[in-house]
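> Residue numbers (my numbering): 8 to 158. No residue lacks a Cβ here, since even glycine has one placed at the ideal position from N, Cα and C.
#1: Tell whether a beta-carbon distance below 7 Å holds between residue 95 and residue 87.
#2: Take every Cβ of the stretch 50-59, pair it with every Cβ of the stretch 128-143, and state whether three or more of those distances are shorter than 8 Å.
#3: Identify which residue in 59, 118, 132 and 146 has its Cα closest to the Cα of residue 41.
#4: At what residues does the alpha helix (DSSP H) containing residue 94 begin and finish?
#5: When the Cα of residue 100 is compared with those of 68, 85 and 122, which residue comes out closest?
#6: Work out the CA separation of residue 57 and residue 69 for me, nearest whole Å.
#7: How about residue 103 and residue 26: do their beta carbons lie closer than 7 Å?
#8: Could you compute how far the alpha carbon of residue 12 sits from the alpha carbon of residue 144?
#9: For residue 8, count the other beta carbons within 10 Å of its own beta carbon; 16 or more makes it buried, fewer makes it exposed. Which is it?
#10: Classify residue 29 as buried or exposed, calling it buried when 16 or more other Cβ atoms lie within 10 Å of its own Cβ.
#11: Given a threshold of 16 other Cβ atoms within 10 Å of its Cβ, counted over all protein chains shown, does residue 54 qualify as buried or as exposed?
#12: Do residue 34 and residue 112 have their C-beta atoms closer together than 7 Å?
#13: Run the CB neighbour count on residue 82, radius 10 Å, all protein chains shown included, and call it buried at 16 or more, exposed below.
#14: Can you look up residue 67 in the DSSP assignment and give me helix, strand or coil?
#15: In whole angstroms, what separates the C-alpha of residue 14 from that of residue 123?
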């Protein structure tokens with residue numbers, strides 16, 4: 008078994024299974040990129056589009072498109088900077104923060120039920136794999152940064 012191939016094959020279906028739990032609870036179907044931006048805004052409180060692009064490792068045009076759609080959906084507020092009128096600060100609306108909290112609660116509950124249904128050995132294996140998965144994410148992000156510098 009090739010670990011990289013098997014992990015790659017599981018990531019998409021796992022993500023989609025979690026997303027389906029959100030739909031089953033009647034939550035709006037937001038693209039994952041919008042959810043990631045909302046997470047950054049919830050964490051920071053307020054951030055410029057440039058800072059959001061850096062944190063999400065996304066092109067400024069991608070952030071601009073996300074913000075345009077999310078502002079229209081009343082999920083993001085744009086506030087002119089007090090110090091530089093050419094710059095705006097982005098923040099999540101109370102509605103967006105509530106939705107993000109509901110997404111997280113729903114996803115966590117579904118994952119908890121699924122984990123509880125596993126045999127003890129399977130649950131233990133996942134528990135023990137979590138630090139390695141976190142390390143894998145850091146390594147992938149580091150490689151992405153290195154690849155972008157080379158390009």
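According to the data block:
#1: yes
#2: no
#3: 59
#4: Taken as a continuous stretch (DSSP letters only), residue 94 belongs to no alpha helix (DSSP H), as it is neither H nor E.
#5: 85
#6: 11 Å
#7: no
#8: 16 Å
#9: exposed
#10: buried
#11: buried
#12: no
#13: buried
#14: helix
#15: 21 Å
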